[in-house]
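Numbering (the working numbering), first residue to last: 298 to 1263.
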Amino acid sequence: MQQTHSLLRDSDKLGLHLRGGYIYPIQQPATTTVESRQNPLGLIIALDENNEASGELFWDDGESTGELLLNRLQMNAVSSGYVDPNNLKFEEIKILGALQEITEVYVSLTGGGQISSPNITYYPSEKVAHLTGLQLELGRSYTIEWIQQQSINERFDCYPGIDPTREKCEQLGCVWDVSNNYFSKLIPSCYFISDNAFSVEEVEYSSSGLAANLILNSTNTRATDNYTAPISTLRLEVKYHTNSMLQFKIYDYQNARYEVPIQLNLPTSPTSTSEGRLYDVSVQKKPFGIQVRRKSTGTVVWDSQLPTFTFSDMFIQISTRLPSQYIYGFGENEHTPYRRDTNWRTFGMFTIDQSPADHLNSYGYHPFYMALEEDSNAHGVLLLNSNAMDVTLQPTPALTYRTIGGILDFYMVLGPTPELVVQEYTELIGRPVMPPYWSLGFQLCRYGYSNDSEIAQLVEEMKATQIPYDVQYVDIDHMERQLDFTLSPRFSGLPDLINKIKEEGMRFIIILDPTISGNETDYPPFSRGVDNDVFMKWPNSNDIIYSKVWPFLPNVQVNESLPEQTQIELYGAHAAFPDFLRNSTVEWWKREIVEFYNNPTDSSRSIKFDGLWIDMNEPATFMSAAFGGCRDEILNNPPYMPHLGSRSEGLTFESPCMEGQQYLPDGTPVRHYDVHCLYGWAQTRPTLEALQSVTRERGIVITRSTYPSSGRWAGHWLGDNAAAWDQLSKSIIGMMEFSLFGISYTGADICGFFYDSEYELCLRWMQLGSFYPYSRNHNQKGTRRQDPASWNSTFVDISRHVMNIRYTLLPYLYTLMHEAHVHGSTVVRPVLHEFAEEKVTWDIFEQFLWGPALLISPVMTPGAVTVNAYLPNARWYDYHTVTINVRGEYSVLSAPLEHINLHIRGGYILAWQEPANTTFFSRQNPMGLTAALNDSLLAEGQLYWDDGVRIGMYDVSRHHKIPSQV
């Protein structure tokens, strides 16, 4: 087909194209032909549509031809009377257009004699096979044969739904073949053998991007119902926003679809230049695909010309090849190791009240990953979508996204270092919040305090231990029947207790849940909410959607001896869900927080909290769906149900009905189906704004459910973990992932939430938790006490020692928090971020860094008195002894029960301060600097310092730094 194309080329490139169907002899070049003619020869085989090519070589007085027939290359020496004085040989052959991987090659001399097989490298993105290690003498005849077949790793799942069968598979025009591989249960038995159904004819180019309409080949479509029938009116838009960030978006240009209502930090007009861009983008026309290539290395970092692409109303799917198997991110779900498993691993994303469990979707929704390329460059990709989704990673390497609504809106940042990837990503979604100084202190909480006297006693016991301790919490126990903005009679002394401990230099945080009981006769938060129309309703109705969450019914005698779930079933009230996307809800929520803080009708009952902990905001329910059931079967049980932990239960498992009506700030109606995963995100910002308006301080919000950009307003704890040894390493993985997601203030429940903790586990966890940015010990109702004062004197001594180290280093940690807030750098930093050139670091997840300079190597196993730690290739000083350690290798380090291994990196200066029992007093102590010299006997560092609480003191234009150099 004849077409005219405008080709954009860099100034250093010439437009050359090889015609398929021909074989091109090549020879390594030199400065003169006299020299080049002595260099090795090679062949480039460019296959045509029939998988054939032929060509000929004339060399002086000899002539050699070659023909490619199917999987055979015949090289015939037609005349071999000439003997080349340079003993020239063909050493490599390139085969262009090889649609399938070449797995075996056989080389033989014509007339007999097998020759050793060459090395085979296959580049699936380019469809090029490279045969090297050949020694084919000029003037002799050879037969080269190869086996070409689709690798199992090249299978892309054609039926990812529930219960695939041969019949279902073949109805979609795909192949059914059950593998006997070790991973056979994970490898798709139903896979594509044809291209995707979309193509492009004309591409519209501009200096700031490109665009094209997609054409649907209806004869190639695959669908089982109207909801998964491909849309034929799709458009691609690519925008080169900056030199290191681009966007590519696929949407329906005729019919408006839901798009995520989050404003990203994009330039008003693209600022990239052709010379400065780190990437090249090309559109593959038939079949359709997008390819993004890193300019400096030629590495293809995105290649979606794959058979999976489809775009329908309730099923959107796209795949891309990956430059390596080193993929990090996606969340929130628990997994080990830190690097994502690419052995056919599928996991879902949909916010739900799911305690951390292997690969199950949990509280947050983060469709962002970072990939390392084989040369240690890094890039990151965000899919801005909020519908239920799953992702499959396979050893091709490749990944496949499947989402059940919205559009495809991708943002790619090119780094090229891992740390720059995070900085560029947080520049896009918003920088992490700057926490107050006191929130970096040690914190205590538990679910199940019986009354305020128990908390008061705990505070006194902790003070007696002299363990640094800044913040005390209450869980929902302080509420009357778990009703927000109420105070139980058992906690009538809480206002005075809060005032007392604040006078002693401590702080206090309370919990709030989002749902509001509708069964009360005199409950202003509900009645005002009704007046302001803040609750989620059934569509086309004025009726509020109710489900069961925490609030209990009034005027009932609760039998607290019953299991908690039974109590909820018997006594659970009708709970309404505020729609935090609405402007009216935001104002109502702020007012309720202010009222509870001030209590204008009875100031003696005002609760002078310093921070807010928002829980259950996935949003969670304790009954699936709602009272009376749901009304829209297709939304609650969609045609494609992503791989969620509740896959067989539909989307309403422990969640509200998906047809719930919500409204964006501009009044646009949206379905809960589309915005469910934004619920916690929408609650977070107004919570912080209310907190700051009433306390007139910076404060801190801790949220359970998160979405990209939640870190702008809150920190996150890793949820209801268990008192188990494996949770130590998993907590490090969780913190490192949330560092990628732009949420710096993170940590896990020290000593575990569920089950009774035990002595050694809790002690090792106190050591590790002393280096969580968010350092809180918290556990479940009915379990044993696990605060440090509840154990023996040895436990107290060890806890005091390690917590004193934390408090000593708080100026350094606070500076890192400021760097994260201003520049987007990580606080809890994977070792690979600083030492990506050392490939061994790519798999390290039981050690981590604070910023660039402090390496933490905790004990993770019971009974261990040593730790096998990797010390990267730099000068390292033992924090405790100041001795210089080995570098660039693993080392077995002594780690008795009272010891955690810490190392300071040469070349850095760390600010410190003498510790005290609270940050209020430690901030008044003398400060110091530790200068750790590098091999050049140099070091530098910085300190950010302010009053620790005021709003705006940490603004980049007003910060105070102390650079140092030795």
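Even for Gly, the Cβ is constructed at its ideal location relative to N, Cα and C.
Who are the near neighbours of glutamate 264 in its chain, counting only those whose CB is closer than 8 Å to its CB and skipping five residues on each side? Residue 264 is absent from the structure shown; the chain starts at 298 and stops at 1263.
DSSP three-state label for isoleucine 1197, please. coil
Member of Trp1147, Asp610, Phe585 whose CA lies at the smallest distance from the CA of aspartate 549: Asp610
Exposed or buried, which one is leucine 315 when buried takes at least 16 other CB atoms within 10 Å? exposed
Whole-angstrom C-beta distance between asparagine 658 and methionine 667, which should lie under 8 Å: About 20 Å; that fails the 8 Å criterion.
Nearest candidate by alpha-carbon position, reference cysteine 455, set Tyr625, Leu909, Cys927, Cys487: Cys487
Any idea what DSSP makes of cysteine 471, helix, strand or coil? coil
Less than 8 Å between the C-beta atoms of glutamine 740 and valine 756, yes or no? no
Which runs of the beta strand (DSSP E) at least 3 residues long sit entirely within the region 414 to 450? Give them in chain order. 416 to 420, 425 to 434, 439 to 446
Outcome for alanine 1011 when other beta-carbon atoms lying within 10 angstroms are tallied against a minimum of 16: buried
Can you find at least 3 beta carbon pairs, one from the region 463 to 474 and one from the region 539 to 553, that sit closer than 8 Å? no
Let's test the definition: count the other Cβ atoms within 10 Å of the Cβ of threonine 965 and tell me whether it reaches 16, buried, or not, exposed. Exposed, because fewer than 16 other Cβ atoms sit within 10 Å of the Cβ of threonine 965.
Serine 1202, buried or exposed, once every other Cβ within 10 Å from all chains shown has been counted against 16: The sequence as given places arginine at residue 1202; serine does not occur at that position. Arginine 1202 should be labelled buried.
With DSSP collapsed to three states, give me the class of tyrosine 660. coil
Between serine 844 and phenylalanine 644, what straight-line distance do the alpha-carbon atoms span, to the nearest angstrom? C-alpha separation (whole angstroms): 27 Å.
Alpha carbon of glycine 925 to alpha carbon of phenylalanine 606, nearest angstrom: 39 Å
CB serine 616 to CB leucine 696, shorter than 8 Å? Cβ atoms of serine 616 and leucine 696: closer than 8 Å.
Residues in its own chain within less than 6 Å of arginine 787 by CB, not counting five upstream and five downstream? Asn748
Glycine 628 and histidine 676: beta carbons closer than 8 Å? no
Would you identify the three-state DSSP class for glycine 1249, choosing helix, strand or coil? coil
Please state whether DSSP places proline 966 in a helix, a strand or coil. strand
For tyrosine 746, which residues from the same chain have a beta carbon less than 6 Å from its beta carbon, with the 5 sequence-adjacent residues on both sides left out? Ile752, Asp774
In chain order, which beta strand (DSSP E) runs of at least 3 residues are fully inside the region 871 to 924? As far as the region 871 to 924 is concerned, its whole beta strand (DSSP E) runs of at least 3 residues are 908 to 911.
Asparagine 373 beta carbon less than 8 Å from that of serine 438: yes
To the nearest angstrom, how far is it from the Cα of glutamine 958 to the Cα of threonine 689? 31 Å
Reduced DSSP secondary structure (H/G/I, E/B, other) of asparagine 510: strand
Exposed or buried, which one is methionine 913 when buried takes at least 16 other CB atoms within 10 Å? buried
Measure how close the beta-carbons of isoleucine 392 and leucine 344 come, nearest whole angstrom, since I'm counting them as under 8 Å. 7 Å
Delimiting residues of the alpha helix (DSSP H) encompassing histidine 940: Per DSSP, histidine 940 belongs to no alpha helix (DSSP H) and is neither H nor E.
Could you please give me the residues that DSSP links to glycine 957 through a beta bridge? According to DSSP, glycine 957 bridges with nothing at all.
Contact check, phenylalanine 832 vs phenylalanine 874, beta carbons under 8 Å: yes
Spell out a yes or no on whether the region 806 to 823 and the region 839 to 854 are touching, meaning 3 or more CB-CB pairs, one atom from each, closer than 8 Å. Three or more pairs of CB atoms, one per stretch, sit closer than 8 Å, so the region 806 to 823 contacts the region 839 to 854.
Apart from the five residues on each side of it in sequence, which residues of its chain come closer than 8 Å, Cβ to Cβ, to glutamine 864? Phe849, Val855, Asn856, Glu857
Can you tell me which of Gly1160, Asn640, Ser943 puts its alpha carbon nearest to the alpha carbon of alanine 1192? Gly1160
Please tell me whether leucine 1152 and histidine 1200 are closer than 8 Å, where the distance is taken between their beta carbons. yes
Decide if the region 980 to 998 is in contact with the region 706 to 715; the criterion is three or more beta carbon pairs, one per stretch, under 8 Å apart. no
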